[in-house]
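Below is one structure, written out as C-alpha cells; comments come after it.
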Amino acid sequence: MNSDDMLDEASEESFWRKFVRHKWLRKGILSGFIVASVLCGTSDIRADEKSKPRDLKEASYPELGLTTSGINLGYWHKRTGLRLSQYYLNRTRNKMMLNLGYKLSDNEKTQQSINLLAGRSVGSDPVTDYDYAYLGIAYGLNFSILGYRGFFFELGMAKVLQDNLGNLADDPFVPCANIGYIYRFTPKEK
Numbered sequence: 092m093n094s095d096d097m098l099d100e101a102s103e104e105s106f107w108r109k110f111v112r113h114k115w116l117r118k119g120i121l122s123g124f125i126v127a128s129v130l131c132g133t134s135d136i137r138a139d140e141k142s143k144p145r146d147l148k149e150a151s152y153p154e155l156g157l158t159t160s161g162i163n164l165g166y167w168h169k170r171t172g173l174r175l176s177q178y179y180l181n182r183t184r185n186k187m188m189l190n191l192g193y194k195l196s197d198n199e200k201t202q203q204s205i206n207l208l209a210g211r212s213v214g215s216d217p218v219t220d221y222d223y224a225y226l227g228i229a230y231g232l233n234f235s236i237l238g239y240r241g242f243f244f245e246l247g248m249a250k251v252l253q254d255n256l257g258n259l260a261d262d263p264f265v266p267c268a269n270i271g272y273i274y275r276f277t278p279k280e281k
C-alpha cells in the first residue's frame, strides 16, 4: 500500500467517524448535557413543602410541539408515552420518527425520559446525501427557562437498519439529536 492509497482511504473516512474520534468534543457535549439535566432536575428543591413542584410521573396528558424533527404530537399515559414527529418538504427532504418513552422524572417544570426511537430520514448535508431507516435509544429532557416551560432536548444513538443510498456502510450507528419546543398539557391541580 503506497501513500496515495492511504490518502484516498483517509479522505473517504465518514463525517461521523471523524466526529466520534474527537474525544474532547464527545466529553464536552456529554459533560454539558449531564450538568444541564442535573440543574434542570434539581433547581426546584426547596425546604418549604408548598413550593415543591407536583410529581406528574403517574399523570396522563397530551403534548404538542415543533422541533428539528418537525411537528411533534404525543401522549403520555402514566409513565409511558408515544410521540410521532414528522416533516415533509419534498421527496428528497423529509423525516418521520416514532418515540416510545418511559418517564424517569416528571413535574410541572421538568420531564426526563428514556426513549426508544424508530424512523426514516431523507435529505442531505454539506458532506453527502442520505436516505436511511434507523432504530435507537435517546435521553429526552423537557425543561423550563426563566419561567417558560416546554423547551425540549433529546440526544442518543441509533443503528442504521436500511441504507437506501449505500453511503452509510461504514457507519453502523448515527447520532440522534432533537431540539425545539414541546408543550405538555399537564393536568391542573385539584
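Under the numbering used here, residues 92 to 281 are what the sequence shown spells out, in order.
Glycine included, every Cβ here is placed at the ideal spot set by N, Cα and C.
Spatial distance of residue i from residue j (CA atoms)
i, j, result
"Lys148", "Tyr223", "34 Å"
"Tyr272", "Phe243", "5 Å"
"Tyr221", "Tyr193", "30 Å"
"Pro153", "Leu180", "26 Å"
"Asp146", "Leu175", "25 Å"
"Asp261", "Gly214", "18 Å"
Nearest candidate by alpha-carbon position, reference residue i, set the options
i, options, result
"Gln253", "Ser212, Thr219, Gly192", "Ser212"
"Asn185", "Gly192, Leu191, Gln177", "Gln177"
"Asn219", "Leu259, Ser196, Glu199, Ile270", "Reading off the sequence, residue 219 comes out as Thr, not Asn. Nearest of Leu259, Ser196, Glu199, Ile270 to Thr219, Cα basis: Leu259."
"Leu157", "Thr171, Gly241, Asn181", "Gly241"
"Lys63", "Val265, Ile270, Leu256, Leu237", "Not covered by the structure: residue 63. The range shown for the chain is 92 to 281."
"Lys169", "Gly257, Glu245, Ser196", "Ser196"
"Ile162", "Thr277, Met187, Pro278, Asp261", "Met187"
"Asn269", "Thr277, Pro278, Phe276, Glu245", "Glu245"
Beta-carbon separation (whole angstroms), residue i vs residue j, contact threshold 8 Å
i, j, result
"Ser151", "Thr201", "Rounded, the Cβ-Cβ distance is 18 Å, inconsistent with contact."
"Leu155", "Tyr274", "6 Å"
"Glu199", "Pro144", "5 Å"
"Leu173", "Leu191", "6 Å"
"Cys267", "Gly247", "5 Å"
Residue i, buried or exposed, once every other Cβ within 10 Å from all chains shown has been counted against 16
i, result
"Ser160", "buried"
"Tyr225", "buried"
"Gly210", "buried"
"Glu280", "exposed"
"Asp216", "exposed"
"Asn287", "What is shown of the chain runs 92 to 281, which leaves residue 287 out entirely."
"Thr277", "buried"
8 Å Cβ cutoff, residue i in contact with chain D
i, result
"Gly172", "Absent here is chain D; the protein component of the structure consists of one chain."
Near the ligand PLP: residue i beta-carbon under 7 Å from a heavy atom
i, result
"Trp167", "In the structure shown, the ligand PLP is absent, as is every other ligand, since no ligand is present at all."
At least 3 beta-carbon pairs within less than 8 Å: the region 228 to 243 vs the region 200 to 209
Verdict: yes, contact present.
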